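Residue numbers (my numbering): 1063 to 1198. One structure below.
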Amino acid sequence: MSDAPLASPPSHFLIAGDITDLSLLHQLVGRLPVDAYGQVFIEASDDVQIRPLPAPPGLVVHWLVDDASPLGLPRGERAAQAVMAWVSEWMPEETATHLTPYVMWIGCSTSTVMDQLYDRLGDTLDDLHLHHRSHD
1063 MSDAPLASPP
1073 SHFLIAGDIT
1083 DLSLLHQLVG
1093 RLPVDAYGQV
1103 FIEASDDVQI
1113 RPLPAPPGLV
1123 VHWLVDDASP
1133 LGLPRGERAA
1143 QAVMAWVSEW
1153 MPEETATHLT
1163 PYVMWIGCST
1173 STVMDQLYDR
1183 LGDTLDDLHL
1193 HHRSHD
C-alpha cells in the first residue's frame, strides 16, 4: 500500500467568449494546467475571424460562427446556447456525484444575453467556480 497522497482530479473547464475576448482567451488558456480538460466556445461573426488558440490536449476549442441566416441571432446567443448545452450535459443533477470541480469563465461582455445567462447560472448552480468578464 502506498502512502503517497491521491492526486486530486483536474478541474473541468468551460470557457465561453467572443472574438473581442480572443487576446484574453489566449492568456487564460495559456495559464491552465497541462491536464486541464473541458471546452472553449468562441463566437465569431465570420470564418475569417477564426484564429488558432493553443490549448492543453484535453481542452477542445469550438468556434461558433454566424451562419449568415437572414434572421440573425443577437450577439452572444450562440455562445449562450453552447453554454446551456454544456451545462445540460456535464453538470449532474446531484453535484456530489461529480468529483472534479467545475470552473467556468464567461466573456462576451457586450452581450446582454450572456450577462443574463451569467446571472442565471450564478443563482442556480451550487459548487461552481464562475468568472465573468465585466464591461471594459
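We put the CB at the ideal spot given by N, CA and C, even for glycine. Nothing here was measured: the structure is a model prediction, and the numbers come from that model.
Residue environment, residue i, which counts as buried when at least 16 other CB atoms sit within 10 Å
{"i": "A1147", "result": "exposed"}
{"i": "Q1089", "result": "exposed"}
{"i": "R1182", "result": "exposed"}
{"i": "V1145", "result": "buried"}
{"i": "V1122", "result": "exposed"}
{"i": "D1109", "result": "exposed"}
{"i": "G1138", "result": "buried"}
{"i": "R1140", "result": "buried"}
{"i": "D1097", "result": "exposed"}
{"i": "H1124", "result": "exposed"}
Straight-line Cα distance separating residue j from residue i
{"i": "L1115", "j": "I1168", "result": "17 Å"}
{"i": "S1104", "j": "P1095", "result": "The sequence shown places Ile at residue 1104, not Ser. I1104 and P1095: Cα-Cα distance of roughly 20 Å."}
{"i": "V1127", "j": "T1172", "result": "17 Å"}
{"i": "Q1111", "j": "I1081", "result": "7 Å"}
{"i": "G1100", "j": "M1153", "result": "12 Å"}
6 Å Cβ shell around residue i - same chain, five flanking residues per side excluded
{"i": "L1135", "result": "none"}
Limits of the unbroken beta strand (DSSP E) element including residue i
{"i": "L1117", "result": "First, the amino acid is wrong: residue 1117 is Ala here, not Leu. Run containing A1117: none; DSSP gives neither H nor E here."}
{"i": "V1165", "result": "1164 to 1168"}
Coil, strand or helix - residue i by DSSP
{"i": "D1206", "result": "No answer is possible for residue 1206: it lies beyond the span of the chain, which begins at 1063 and ends at 1198."}
{"i": "V1096", "result": "coil"}
{"i": "L1135", "result": "coil"}
First and last residue of the uninterrupted alpha helix (DSSP H) at residue i
{"i": "V1145", "result": "1139 to 1152"}
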